[in-house]
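1 is the number of the first residue of the sequence shown in full-length UniProt numbering; add one for each residue after it.
Idealized CB from N, CA, C, for every residue including glycine.
Note that the structure is predicted; figures quoted are calculated from it, not measured.
Heads up, the thing below is written out as structure tokens.
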Amino acid sequence: MASFKPTKVPFLPKLGEKVTEETLYWKNYKSPVQIKEFGAITKIDFSPLPPHNYAVTASTRIHIYGPHSQEPIRSFTRFRDTAYGGRFRGDGKLLVAGSEEGLIRLFDISGRVALRQFKGHTKAVHMTSFLSDGFRVVSGSDDLSCRVWDVPSAVELSSLTEHTDYIRALAPSKLNPDLFVTGSYDHTVKVFDMRSGSSVMTMQHGHPVECVLLYPSEALLVSTGGRYVKVWDLLKGGQELVSLKNHHKTVTCACLSSVGNKLLTGSLDRHVKVYNSSYKVVHNFDCDASILSMAIAPDDEALAVGMTNGVLSVRHRRHKKDKETLTSRRRRGPSYQVFVKGKNFVPRQDDFLVSKPVKQYLRKYDKQLKSFEVSKALDTALQTWTRTSKPDVTVAVIIELKRRGTLKNALAGRNEERCFCLLFFRHIFDPRFSRPLLMVGDIVLDLYQQVFHQSPVVERLLQRLMEVLGREAELQQELLQVLGILDTLFTSLTPRKEVKFWIGSCRNTDQNVKACFFQSMAR
1 MASFKPTKVP FLPKLGEKVT EETLYWKNYK SPVQIKEFGA ITKIDFSPLP
51 PHNYAVTAST RIHIYGPHSQ EPIRSFTRFR DTAYGGRFRG DGKLLVAGSE
101 EGLIRLFDIS GRVALRQFKG HTKAVHMTSF LSDGFRVVSG SDDLSCRVWD
151 VPSAVELSSL TEHTDYIRAL APSKLNPDLF VTGSYDHTVK VFDMRSGSSV
201 MTMQHGHPVE CVLLYPSEAL LVSTGGRYVK VWDLLKGGQE LVSLKNHHKT
251 VTCACLSSVG NKLLTGSLDR HVKVYNSSYK VVHNFDCDAS ILSMAIAPDD
301 EALAVGMTNG VLSVRHRRHK KDKETLTSRR RRGPSYQVFV KGKNFVPRQD
351 DFLVSKPVKQ YLRKYDKQLK SFEVSKALDT ALQTWTRTSK PDVTVAVIIE
401 LKRRGTLKNA LAGRNEERCF CLLFFRHIFD PRFSRPLLMV GDIVLDLYQQ
451 VFHQSPVVER LLQRLMEVLG REAELQQELL QVLGILDTLF TSLTPRKEVK
501 FWIGSCRNTD QNVKACFFQS MAR
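The following block contains the structure:
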């Protein structure tokens, strides 16, 4: 007697899912390590030099963390009010930060006391940064001004007051020490040149600007605000290239990866989205709360995200060496040795081998099919969780019943509730499942067409199914028309080669005619 063969569920790829190298690259991050801070995390900045420590600005403190440490290796707490915008200098030795009280403080990473204090702003300073020469600091404040400070003398060099609302975004140029970009709640992004003392370019974002970001070539500029992420071409006078709307709430931060300069954006909708070079989303990181700040290490080894609930989420890249060390360090208990005892034994040539039958574990619907309970097997496959989360299992059972010739028996004798499960199956338009499901629909109509009017619920479902099928048929007809138009266009665009015969100077012999033909083709 042949053994029972369980139902074979084919592996079907998800529609629209494309596994690319970029997708695999961003999936290769470990589960996040969460660190609790004292307040909402407004700024994260990585040191440009190894080992790439990062500064976290939250509440009245700035903490410096190591790449793999969960405790701060240094803290700066000399703030009377909330601290903002802690950023490293290009050599990683100095750090500058603003505050709610309007003061800007300059710290040495190896010390604790502020080296300089820059006074001049009358309201909170949310954004600070070093210019690329390292000897000047630029700041953006709620008093609507941008100011440039000299680090050695702590003197204000310039004050720019072209914005008409709070300045909440700042990005200095790394190629030119006299250029920097600001973004404001007045919906504008401005490029300032210190040599002229004013802005040289203005872009209208259309929403309050939360973050600005320059690509390494500095030909492209990214601005975020509202639900929009916009990319501007600075070489074309600030022309808008792309406007992205992939988030559901305000986009608060953005950063660039070192590998391929991929754009990452974080939003209040608790998602971090990764874009490829054509600005399509290739990966998505989910967080527990709304995102206020984000930064990625210069070597892409760590991704740090700061949230409104004061939780710092850090993801580290996974390497093959880590997997090998985990496997080698994994200890096996004595029960494991007993379990695998004799598994690797190889019989000799003269030994008589007695094989032990392997116990077969069957699913519930397979057990019911084995005992010829076809109606119960179909009910099991039509359970709510199975038909919504794993429709391929439901369709596999239907195909198996069709192969056995018992599908009509399984569909017969059903009441209103059991017919509801059949007619409420939403995957009938999925091209992977449409053929067997349409076959089931035909059988159901043949079986119950005399009694459908007795149940208003089933009759309503049938009417809805007919309407949706009608719309799907119209859509298919429109698609066929579009395909016909495209075929005509492609055919008309195909170049045609003209074949010319030059027989005038040739004699009327077969060989001469052939020679003239090949000469004309060569021309």
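Each of PHE118, VAL282, HIS247 was checked against the Cα of ASP269, and the nearest Cα belongs to HIS247. Along the stretch 207 to 262, the beta strand (DSSP E) occurs as fully enclosed runs of 3 or more residues at 211 to 214, 220 to 225, 228 to 233, 239 to 244, 251 to 256, listed in sequence order.
Taking one beta carbon from each stretch, the stretch 111 to 126 and the stretch 141 to 155 have 3 or more pairs nearer than 8 Å; the two touch. In the DSSP assignment, THR128 falls within the unbroken beta strand (DSSP E) covering 125 to 130.
With fewer than 16 other Cβ atoms from the protein chains shown falling within 10 Å of its own Cβ, THR164 counts as exposed.
If you check the CB distance, ALA304 and TYR54 come in under 8 Å. ASP366 counts as buried, since at least 16 other C-beta atoms from the protein chains shown sit within 10 angstroms of its C-beta. Distance check between HIS271 and each of ALA289, ARG464, GLY66, VAL33 places ALA289 closest, using alpha-carbon atoms only. Here the C-alpha atom of MET466 lies approximately 15 Å from the C-alpha atom of ILE443.
The distance from the Cβ of PRO436 to that of VAL395 is about 6 Å, consistent with a contact at the 8 Å cut-off. Taking 8 Å as the cut-off, the Cβ atoms of LEU213 and LEU160 do not count as close. In this structure, the alpha-carbon of TRP26 lies about 10 Å from that of ASP300.
The straight-line gap separating the alpha-carbon atoms of LEU445 and LEU483 is approximately 33 Å.
In this structure, the alpha-carbon of ASP91 lies about 20 Å from that of ALA302. For GLY140, the enclosing beta strand (DSSP E) starts and ends at 136 to 141. Just so you know, the alpha carbons of PRO50 and LYS364 end up roughly 56 Å apart.
Of the other Cβ atoms in all chains shown, 16 or more fall within 10 Å of the Cβ of TYR275; this residue is therefore buried. Taking the Cα of PRO172 as reference, the smallest distance to any Cα among THR265, VAL33, GLY134 is reached at GLY134. In the DSSP assignment, ILE44 falls within the unbroken beta strand (DSSP E) covering 41 to 46.
Ranked by Cα distance from ILE41, the options PRO48, ILE73, ILE62 are led by ILE62. In the structure shown, THR265 falls within a strand segment according to DSSP collapsed to helix, strand and coil. Taking C-alpha positions only, LEU175 is separated from SER132 by approximately 7 Å. Our two residues, THR388 and HIS427, have alpha carbons roughly 9 Å apart in a direct line. Per DSSP, the beta-bridge partners of SER75 are HIS63. Across the structure, THR265 and CYS253 are spaced so that their CA atoms are roughly 6 Å apart. As the crow flies, the alpha-carbon of ILE44 is around 11 Å from that of SER313. Per DSSP, MET439 lies in no beta strand (DSSP E); the unbroken alpha helix (DSSP H) holding it starts and ends at 434 to 448.
Between GLY197 and SER223, the gap from beta carbon to beta carbon reaches 8 Å or more. In the DSSP annotation of this structure, ILE291 is not part of any alpha helix (DSSP H); the continuous beta strand (DSSP E) holding it starts and ends at 291 to 296.
For GLU21, the three-state secondary structure derived from DSSP is helix. The beta carbon of THR23 lies closer than 7 Å to those of VAL282, HIS283 in the same chain, with the five residues before and after it left out.
Relative to the Cα of GLU100, the nearest Cα in the group THR60, LEU292, CYS211 belongs to THR60.
Spatial neighbours of PRO10 in its own chain (CB-CB distance under 8 Å, excluding positions within 5 residues in sequence) are listed in chain order as ASP392, ALA396.
About 11 Å separates the beta carbons of LYS376 and GLN383, which is beyond the 8 Å limit, so they are not a contact pair. One Cα belongs to HIS316, the other to VAL56, and the distance between them is close to 17 Å.
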